[in-house]
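Letter by letter, the sequence shown follows residues 96 to 275 in our numbering.
Don't be surprised by glycine CBs; every beta carbon is placed ideally from N, CA and C.
On a predicted model such as this, the values are computed, not experimentally measured, just so you know.
A quick write-up on the structure given underneath.
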Amino acid sequence: METERQLIESIRRGEASARRRLYERFVGVALATALRYVPRQDEALDIVQDAFVNILTSVSRFQHRSEGSLKAWVLTIVAHHAVDYIKQHERLLFTDHLPEQATEEEPDVGLIPPEVLNRLIGQLPTGYRTVLNLYVFQQLSHKEIALLLGIKPETSASQYLRAKQALARLIKNYQDNNKL
Numbered sequence: 096m097e098t099e100r101q102l103i104e105s106i107r108r109g110e111a112s113a114r115r116r117l118y119e120r121f122v123g124v125a126l127a128t129a130l131r132y133v134p135r136q137d138e139a140l141d142i143v144q145d146a147f148v149n150i151l152t153s154v155s156r157f158q159h160r161s162e163g164s165l166k167a168w169v170l171t172i173v174a175h176h177a178v179d180y181i182k183q184h185e186r187l188l189f190t191d192h193l194p195e196q197a198t199e200e201e202p203d204v205g206l207i208p209p210e211v212l213n214r215l216i217g218q219l220p221t222g223y224r225t226v227l228n229l230y231v232f233q234q235l236s237h238k239e240i241a242l243l244l245g246i247k248p249e250t251s252a253s254q255y256l257r258a259k260q261a262l263a264r265l266i267k268n269y270q271d272n273n274k275l
């Protein structure tokens, strides 16, 4: 299989098929990422398409550091496009109040199939889902999330805690209904 470095070098040499290979290699994970933010297929496909326009026009300037860095860069661009989409098309409601700490044990997400977990994340309110994705999957700090979304770091932290609690309830319901 072609390494990321080889793929980037092929793009820089102007190989006609290299951009297509980049798209085909990452479109699946890009769509999965977009669906975590916007759980409606048609909107997620629009986000991926817009993100790939950006990716394909700027990939020749990408600085490859190690295997996996191209994928991380692609998914970061997709996540940013998804956040921009949410900010333009959805109403984000946030609260600064920290929720009560849950007394229940957190469910074992390792028992949940990835597609089910993504579907459960998609059921979260938009604000919860957005912060959870940025914190967990993009590994942004609450300060970085706050800057991106135009909120306070405390608001990001409270949304994350509320998202975790809501997701834990959804997972528990799924496990109870499926006897896991």
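Rounded straight-line distance, which links the Cα of residue j to that of residue i
i, j, result
"I103", "E162", "11 Å"
"P248", "D179", "19 Å"
"R131", "I181", "12 Å"
"S112", "L165", "17 Å"
"V133", "R108", "35 Å"
"E210", "L151", "28 Å"
"R100", "T171", "18 Å"
"R186", "P220", "10 Å"
"R160", "V231", "22 Å"
"E97", "R156", "19 Å"
"R115", "T225", "30 Å"
"Q158", "A258", "34 Å"
"N273", "E110", "49 Å"
"L243", "N149", "18 Å"
"S236", "S251", "9 Å"
"D271", "D141", "35 Å"
C-beta atoms of residue i and residue j nearer than 8 Å
i, j, result
"I240", "L229", "yes"
"V154", "I106", "yes"
"H176", "D145", "yes"
"L215", "L265", "yes"
"A263", "E201", "yes"
"Q183", "G222", "no"
"L207", "Y118", "The question names Leu, but residue 207 is Ile in the sequence shown. No, they are not a contact pair."
From the options, residue whose alpha carbon lies closest to that of residue i
i, options, result
"Q234", "W168, D271, K182", "W168"
"A139", "M96, A174, L243", "A174"
"T128", "V148, G217, S236", "G217"
"V124", "N213, G245, N272", "N213"
"G291", "K267, I246, H237", "Shown here, the chain extends from 96 to 275; a query on residue 291 therefore has no answer."
"R120", "R135, F147, D141", "F147"
Three-state secondary structure assigned by DSSP to residue i
i, result
"G123", "helix"
"H159", "coil"
"L235", "coil"
"I172", "helix"
"V226", "helix"
"Q270", "helix"
"D203", "coil"
"R257", "helix"
"K182", "helix"
"I246", "coil"
"G217", "helix"
"R131", "helix"
"E110", "coil"
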